[in-house]
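For reference, each letter of the sequence shown is one residue, going 1 to 307 in the UniProt record's numbering. Ideal Cβ placement from N, Cα and C applies to all residues, glycine included.
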Amino acid sequence: MLAAIISVSVIAVLLIVILACSIRVVKQTNKYIIERFGAYIKTWSVGIHFLIPFIDRVAKKVSMKEQLQDFPPQPVITKDNVTMQIDTIVFFQVTDPQLYTYGVEDPIIGISALCSTTLRNIIGELDLDQTLTSRDIINAKMRNILDEATDAWGIKVNRVEVKNILPPKDIRDAMERQMRAERERREKILLAEGNKQSAILNAEGEKRAAILRAEADKESRIRRAEGEAESILKIKNAEAQGIDLLNKANPIQSVLALKSLETLSDIGNGQATKLIVPSDMSALSSLTAGLTEVVKTITESKEAQKK
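Structure (structure tokens):
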């Protein structure tokens, strides 16, 4: 009796374990490939599924998320016979789990081989300079070729990126020397342009300064000439006004004689080397006597006013 109970308990436990192992929960981003007696029967999507024990099995779990594969550097030869190392990154996504499982033995190895051969074909059509400057072209060509080739494997290649391009060391040294020479050339050009611009600006500044100095000198001379002309004009106007006033006053002969003596005195005190004396000395004597009388009359009138 006890042995029967133990047997039943063991069988029940085994059934529970088998049933538990037969239940599968598929996550959102996964697909399960189910085989029955070694043949494909269905693909499980997200949810709870029951697996018939000893008959069905999960052949492959396929992730539907986008995946990336970083492939090691591949030796390639350019059109001008330069050997370099190029490594790439491939971004792909499984679109058909059944084709992905049964289309190729190892999809990753297949993509790696396709990537290597495609890269060699593309680089073989380019020279070194084009290879270094045409990454976008290389990426686009590789993506198109790989995407078309992997359709039969249920794979969609979304993007291919050239990660590194490593030329040989002697080529890298030559490129560094070339870049250094190019930088030095640009530096010399910039210095020459700067010196040229500086010389032009200095010349323009000197020219402008000379023009301003000439204009200032011209303006100064004009102002001096105008001042002298105005001064002479004022003197002549004053002399003319004096003569006019003298004519209007109708001066007597003695006053005119006094003016004549003042003029002779100025002439004698000046720088003149010649002195003209009137030949009629008797007229001069009479003139002197008349002036004496005038001075005497003026003096007497002033004394009278004081008293």
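Residue environment, L119, which counts as buried when at least 16 other CB atoms sit within 10 Å: buried
Range covered by the alpha helix (DSSP H) that runs through Q98: Here the alpha helix (DSSP H) through Q98 covers 97-102.
The stretch 86-96 in contact with the stretch 63-75 per 3-pair CB rule at 8 angstroms: Touching, yes.
Outcome for A192 when other beta-carbon atoms lying within 10 angstroms are tallied against a minimum of 16: exposed
Validate contact between the stretch 125-138 and the stretch 196-205 using beta carbons, cut 8 angstroms, 3 pairs: No, the stretch 125-138 does not touch the stretch 196-205.
Proximity of A59 and I33 at Cβ, strictly below 8 angstroms: yes
Beta-carbon spacing of V76, P167 below 8 angstroms: no
Whole alpha helix (DSSP H) elements within the UniProt domain "Band 7" (21-179), 4-residue minimum: 97-102, 107-123, 128-133, 135-149
Spatially closest choice to C115 from R159, T133, Y102, by CA coordinates: R159
Cβ neighbour criterion (16 or more within 10 Å) applied to L14: exposed
Beta-carbon proximity list for S134, same chain, < 8 angstroms, skipping 5 on both sides: L126
C-beta atoms of I189 and V162 nearer than 8 angstroms: no
S45 vs K61 beta-carbon contact at 8 angstroms: Result no, Cβ atoms of S45 and K61 do not sit closer than 8 angstroms.
Euclidean distance between Cα positions of M64 and T29: 5 angstroms
Beta-carbon gap between Q98 and T150 smaller than 8 angstroms: no
I155 vs Y100 beta-carbon contact at 8 angstroms: Pairing I155 with Y100 gives a Cβ-Cβ distance under 8 angstroms.
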